[in-house]
Amino acid sequence: MIKRSFFGLAKPRFVYESLDSPMTPERIPMPRKATLHFDQPLERRDALLLNPGDKVKTGQKLVLTEESEDYVISPVTGSVSSVSAFIGDFGASCTAVSIDVAAEEEIDSGFADVSGDVSLEIAARYLQHLPGNPPFKALTDPRTQIETIVVTGLDPDLLVATHQQIVQSKVNAINRGISLLKKMTHAKHVIIALPQKLVKRAGGVGGASGVEIRIISEDYPSALPPFVMKEVLGKVVPAGKSSTDMGVAFFTAEAVAGVAEAFQTGQIPTTKTVTVIKKDLSRMLVEARIGTPLRDIFAICGVTLNDRDRIILGGPMTGSSIYSEDYPVGPETDAVMVQDSAAVSLVSDYPCINCGECVRICPADIPVNMLVRFCEARQYETAADEYDLYSCIECGLCTFVCPSRIPIFQYIRLAKYELARAEGKIEAEEEAPVETTEEGAEETVEESQEETAEETDA
Ligand code: SF4
Ligand code: SF4
Numbered sequence: 000m001i002k003r004s005f006f007g008l009a010k011p012r013f014v015y016e017s018l019d020s021p022m023t024p025e026r027i028p029m030p031r032k033a034t035l036h037f038d039q040p041l042e043r044r045d046a047l048l049l050n051p052g053d054k055v056k057t058g059q060k061l062v063l064t065e066e067s068e069d070y071v072i073s074p075v076t077g078s079v080s081s082v083s084a085f086i087g088d089f090g091a092s093c094t095a096v097s098i099d100v101a102a103e104e105e106i107d108s109g110f111a112d113v114s115g116d117v118s119l120e121i122a123a124r125y126l127q128h129l130p131g132n133p134p135f136k137a138l139t140d141p142r143t144q145i146e147t148i149v150v151t152g153l154d155p156d157l158l159v160a161t162h163q164q165i166v167q168s169k170v171n172a173i174n175r176g177i178s179l180l181k182k183m184t185h186a187k188h189v190i191i192a193l194p195q196k197l198v199k200r201a202g203g204v205g206g207a208s209g210v211e212i213r214i215i216s217e218d219y220p221s222a223l224p225p226f227v228m229k230e231v232l233g234k235v236v237p238a239g240k241s242s243t244d245m246g247v248a249f250f251t252a253e254a255v256a257g258v259a260e261a262f263q264t265g266q267i268p269t270t271k272t273v274t275v276i277k278k279d280l281s282r283m284l285v286e287a288r289i290g291t292p293l294r295d296i297f298a299i300c301g302v303t304l305n306d307r308d309r310i311i312l313g314g315p316m317t318g319s320s321i322y323s324e325d326y327p328v329g330p331e332t333d334a335v336m337v338q339d340s341a342a343v344s345l346v347s348d349y350p351c352i353n354c355g356e357c358v359r360i361c362p363a364d365i366p367v368n369m370l371v372r373f374c375e376a377r378q379y380e381t382a383a384d385e386y387d388l389y390s391c392i393e394c395g396l397c398t399f400v401c402p403s404r405i406p407i408f409q410y411i412r413l414a415k416y417e418l419a420r421a422e423g424k425i426e427a428e429e430e431a432p433v434e435t436t437e438e439g440a441e442e443t444v445e446e447s448q449e450e451t452a453e454e455t456d457a
């Protein structure tokens, strides 16, 4: 993964591990209980449209209240067992809905009834939470005019092989999905960004007319969207803007294949491909229903957790630690990594020694040593105005190389989150959340399920 230069002062290289050929993913059995997360707080309990005891079908669109714009797709058939509040990243107030899975599966016909209409509106109404999280919601903003679609076939984080697997094993579905996306968005250009090795292995991908294959480097972080914008499209995303603001929409290979599958079958895909990175850094690919607890995956993959081992949702550079094996697979869960307690570096209290490693490695040329001081001191506006906070592409390299083990990347993410919250873009709740169970009891959920400012170190 790491290639160091012979010359000590040169930057170390971090190289994506390629998947030499498609693997056969291990199928995780249907879970007994599936849990779904809504990115909205649990409030106005009397207005809830989902309550314990309610029956749901696979593929059914679930919303919390009449006013909700957010929805999730039920990945299973069963009955709701609890609706509870939980605290997500950085104290965000979210809602978890648990479903006891029934023995017989029933498929909801809601999407099938409208799937003859291949449009952005239908995609945004039903396919926003496909495996791979396509950005349909952002694309329906009337101010957004998409000119270019970029399909990424290389996973953005190191050691993760989910999209590499899809791009090698679902070539026909990807090509069909690209045609559908062109029709929906009227995008003039479609680009598939792949490293050279993967182009050969994914023979035929991008066969549709008007699709360009662009070669990206195998060096991390070449597959991160801001990096692709700069290196492949020659566009620098201005601070505070996104690629969609600039007319470019990024889709993962998994999401594109899912679009094709959904419109072809009339059923919304609900199975996620996940890379499991074990303590010895060996990898397995699994296919699990969205909502499956990680515990079920670990059992099949032979992963045993001991006291103080760490679970990381995502890859080694950009993943976040979580505390519980009950945490469910989501549509965006490309990887789960387990670190042995002996390999876990606790966040240290060492101060910055001004070694400059973080500045040297930063691909965005940010004065990271200064930026982190202001983020640590919670002077977020100064961090943004004077030290380039919004130019950070969130690659995590600075944290990886910091000899003082300062969780720089996590401070940066927290700073961006707090500024977004201050601008009213995100809601967060300070009160202790409560849970409604099937018996109607309300319980306090005491602990945050996600760690917010902890170091990720592979
Ligand atoms: S995470 Fe760190 S190294 Fe990466 S772009 Fe941001 S500041 Fe630079
Ligand atoms: S790498 Fe760590 S110790 Fe070195 S300058 Fe950056 S923050 Fe300070």
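Each residue of the sequence shown is one higher than the last, beginning at 0 in numbering that gives the first Met the number 0.
Backbone N, C-alpha and C define an ideal beta-carbon position, used for all residues, glycine too.
Any non-hydrogen atom of ligand 2 closer than 7 Å to Ser-403 Cβ: Residue mapping note: residue 403 aligns to position 404 of the sequence shown, counting from 1. At least one heavy atom of ligand 2 lies less than 7 Å from the C-beta of Ser-403.
In the DSSP assignment, find the alpha helix (DSSP H) that holds Thr-196 and state where it starts and stops. Numbered from its first residue, the sequence shown carries residue 196 at position 197. The question names Thr, yet the displayed sequence has Lys at residue 196. Residues 195-200.
Beta bridge counterpart(s) of Pro-327 as assigned by DSSP: For this step, residue 327 is matched to residue 328 along the sequence shown. Per DSSP, Pro-292.
Ligand 1: which residues have Cβ under 5 Å from any of its heavy atoms, chain order? The filter returns Cys-361, Ala-363, Ile-365, Val-367, Cys-391, Ile-392, Cys-394, Leu-396, Cys-397 and Phe-408, in chain order.
Just tell me which of Ala-342, Asp-364 and Leu-370 has its CA closest to the CA of Cys-351. Here residue 351 is taken as the residue at index 352 of the sequence shown, counted from 1. Ranking the options by Cα distance to Cys-351, first place goes to Leu-370.
Rounded distance between the beta-carbons of Val-328 and Ile-289, thought under 8 Å: In the sequence shown, residue 289 corresponds to position 290, counting from 1. In the sequence shown, residue 328 corresponds to position 329, counting from 1. In this structure Ile-289 is in contact with Val-328, their Cβ atoms being roughly 6 Å apart against a cut-off of 8 Å.
So, at 8 Å on beta carbons, what are the nonlocal neighbours of Lys-187 in its own chain, with the 5 sequence-adjacent residues on each side left out? Numbered from 1 along the sequence shown, position 188 holds the residue referred to as residue 187. Apart from sequence neighbours up to five positions away, the residues of its chain that approach Lys-187 with a beta-carbon distance below 8 Å are Glu-146 and Thr-147, ordered along the chain.
For ligand 2, is there any heavy atom lying closer than 7 Å to the beta carbon of Ile-352? Residue mapping note: residue 352 aligns to position 353 of the sequence shown, counting from 1. Under cutoff, so the answer is yes.
Could you check if Pro-194 is buried or exposed, using at least 16 other CB atoms within 10 Å of its CB as the buried criterion? Sequence index remark: in the sequence shown, residue 194 carries index 195 (1-based). The residue is buried, with at least 16 neighbouring Cβ atoms inside 10 Å.
DSSP three-state assignment for Ser-20, whether helix, strand or coil: Looking up residue 20 in the sequence shown gives position 21. Coil at Ser-20, not helix or strand.
Residue closest to Asp-306, alpha-carbon to alpha-carbon, out of Leu-312, Ile-296, Gly-318 and Glu-324: Here residue 306 refers to the residue found at position 307 when the sequence shown is read from its first residue. It is Glu-324 whose Cα lies nearest to the Cα of Asp-306.
I need the straight-line Cα distance from Ser-20 to Val-198, nearest angstrom please. Within the sequence shown, the letter at position 21 stands for residue 20. Within the sequence shown, the letter at position 199 stands for residue 198. The alpha-carbon atoms of Ser-20 and Val-198 are separated by roughly 12 Å.
Cα-Cα separation, Tyr-386 to Asp-156: In the sequence shown, residue 386 corresponds to position 387, counting from 1. In the sequence shown, residue 156 corresponds to position 157, counting from 1. One C-alpha to the other measures close to 25 Å.
So, for Ala-172: in the same chain, excluding its five sequence neighbours on each side, which residues have a beta-carbon less than 7 Å away from its beta-carbon? Indexing the sequence shown from 1 puts residue 172 at position 173. Scanning its chain for C-beta atoms nearer than 7 Å, with the 5 sequence neighbours on each side dropped, one finds around Ala-172 the residues Ala-256, Ala-259 and Glu-260, in chain order.
Which of the three DSSP states is assigned to Asp-99 in this structure? Against the sequence shown, residue 99 aligns to sequence position 100. The three-state reading of DSSP puts Asp-99 in strand, counting E and B together.
C-alpha gap between Phe-250 and Val-149, whole angstroms: Within the sequence shown, the letter at position 251 stands for residue 250. Within the sequence shown, the letter at position 150 stands for residue 149. Cα to Cα, the separation comes out at about 6 Å.
Cβ atoms of Gly-395 and Thr-317: under 8 Å apart, would you say? Residue numbering aside, residue 317 sits at position 318 when the sequence shown is read from its first letter. Residue numbering aside, residue 395 sits at position 396 when the sequence shown is read from its first letter. Yes, the pair counts as a contact, with Cβ atoms nearer than the cut-off.
Label Glu-422 either buried or exposed according to how many other C-beta atoms from any shown protein chain fall within 10 Å of its C-beta, with 16 as the threshold for buried. Here residue 422 is taken as the residue at index 423 of the sequence shown, counted from 1. Per the 10 Å Cβ criterion, exposed.
Which residues in the same chain have their Cβ closer than 6 Å to the Cβ of Lys-56, if we skip the five residues on either side of it in sequence? Indexing the sequence shown from 1 puts residue 56 at position 57. Cβ within range, chain order: Thr-76, Glu-105 and Asp-107.
Roughly how many angstroms separate the alpha carbons of Glu-211 and Val-235, rounded to a whole number? Taking the first residue of the sequence shown as 1, we reach residue 211 at position 212. Taking the first residue of the sequence shown as 1, we reach residue 235 at position 236. When only Cα atoms are considered, Glu-211 and Val-235 end up about 20 Å apart.
Taking 7 Å as the cut-off, is the CB of Val-489 close to at least one heavy atom of ligand 2? No statement about residue 489 is possible, as the shown extent of the chain runs from 0 to 457 and does not include it.
Reducing DSSP to helix, strand and coil, say where Arg-12 ends up. For the purposes of this step, residue 12 is identified with residue 13 of the sequence shown, where counting begins at 1. In the structure shown, Arg-12 sits in a strand (DSSP, three-state: E or B).
Assigned secondary structure, Arg-142 (DSSP; H/G/I helix, E/B strand, else coil): Counting from 1 along the sequence shown, the entry for residue 142 is found at position 143. Here Arg-142 sits in coil by DSSP.
Residues near Val-100 by beta carbon distance below 8 Å, same chain, minus five either side: Counting from one through the sequence shown, the residue named residue 100 turns up at place 101. Excluding positions up to five away in sequence, the list reads Met-29, Pro-30, Arg-31, Lys-32, Ala-33, Val-75, Thr-76 and Gly-77.
I need the boundaries of the beta strand (DSSP E) containing Gln-338, first residue and last residue. Residue 338 sits at position 339 when you count from the first residue of the sequence shown. From DSSP, the beta strand (DSSP E) with Gln-338 extends over 334-338.
Judging by CA-CA distance, which residue of Gly-209, Thr-64, Val-302 and Ser-340 is the nearest neighbour of Leu-47? Position 48 of the sequence shown, counted from the first residue, corresponds to residue 47. Closest option to Leu-47, Cα to Cα, is Thr-64.
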